[in-house]
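Residue 187 in the working numbering sits at position 187 of the sequence shown, with consecutive numbering throughout. Quick reminder that beta carbons are idealized off the backbone N, C-alpha and C, glycines included.
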Amino acid sequence: MLIAEDLLLLLIDERTGTTLLTGSRLDHALAGAVLAELTLLGRVEVVASGARHTTSEVVVRDAGPVGDDVLDEVLQCLSRGPGTGRLNEVLRRCGAGLAVSLQDRLAERGLLRREERRVLWVITTQRWFVAAPGRRAELLDTVEEVVLRDSLAAPREAALVRVLGSTGQTHLVLRDAGVPADELQRRARAADDGAGLIPFADSVDAICDGTSSGAGGDGGGGEDGGGGGGD
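Set out below in structure tokens:
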């Protein structure tokens, strides 16, 4: 499972089949998760610059194939540029259509189930329901351990929780936590593994700031809204 796939599972409202972020904001957040994974793999580095990393640059350190279609496609997207790119622009360019790709992958593996509503044979809404709740339950346990009980996490889990915090949706993922939304977001953004993430912390923080500038606050699919995954 990719960090981005885990993030997508967390951002699905199991009651409505909608995502807590939609359209380009969802793609932007998922691209941040992919960059976080590539950072942990040593494939890219984010050179922090500017207030809230507004001028941070993404640098490709190793463009060789990873062996995962999504990660390799983003690496190719980065490599088609000059070798570096402004973080926000990279998130926008390499994130386009990412939600659809990940939703289809999760559906093929039986983790998501698509439902379509048609009026006069025209698809009007599309929803994605969690088909195998076990994985999402494991992820929720991890987020609760890190955010509510201040537990240390593995580098990958810490990166997932940090990126989740950057979306501004932690309070909706942990809707029964009884903790103010801003405090949940602060804790998520401070997720730590105690050791291994430290060399990558600046890059992950830059990605989170870039993601938060694109993801915004609320604004996901409502009770009758679409399921996200494209504008």
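- Looking at the backbone, the Cα of leucine 7 and that of leucine 164 are separated by about 7 Å.
- The beta-bridge partner set that DSSP reports for glutamine 126 consists of Glu116.
- For aspartate 192, the CB contacts under 8 Å within the same chain, skipping 5 residues up- and downstream, are Leu152, Ala153 and Ala158 in chain order.
- In this structure, DSSP gives valine 100 a helical state, which the three-state scheme calls helix.
- Taking 4 residues as the shortest admissible run, the region 32 to 79 contains the following complete alpha helix (DSSP H) segments, listed from N- to C-terminal end: 69 to 79.
- If you check the CB distance, leucine 21 and arginine 136 do not come in under 8 Å.
- Residue state for glycine 85 is assigned as strand, using DSSP reduced to three classes.
- A direct Cα-to-Cα measurement between threonine 167 and aspartate 68 gives close to 24 Å.
- Contact annotation: the region 34 to 41 touches the region 68 to 79, with at least three C-beta pairs closer than 8 Å.
- DSSP lists Thr19 as the bridge partner or partners of isoleucine 12.
- Taken through DSSP and simplified to helix, strand or coil, leucine 91 comes out as helix.
- For alanine 107, the three-state secondary structure derived from DSSP is helix.
- The beta-carbon separation of valine 46 and serine 203, rounded to 4 Å, stays under the 8 Å limit for a contact.
- Apart from the 5 residues on each side of it in sequence, threonine 142 sits with its Cβ closer than 8 Å to the Cβ of Ala153, Glu157, Leu160 and Val161 in its chain, given in chain order.
- No residue range can be given for glycine 168, since it is assigned to no alpha helix (DSSP H) and is classified by DSSP as neither H nor E.
- Close CB contacts of glutamine 185 within its chain, under the 8 Å cut and outside five residues either way in sequence, are with Gly165, Gly168, Thr170 and His171 (chain order).
- If you look at alanine 181, you'll find it in the alpha helix (DSSP H) that goes 181 to 189.
- Pairing threonine 55 with arginine 127 gives a Cβ-Cβ distance that is not under 8 Å.
- In this structure glutamate 5 is in contact with leucine 106, their Cβ atoms being roughly 6 Å apart against a cut-off of 8 Å.
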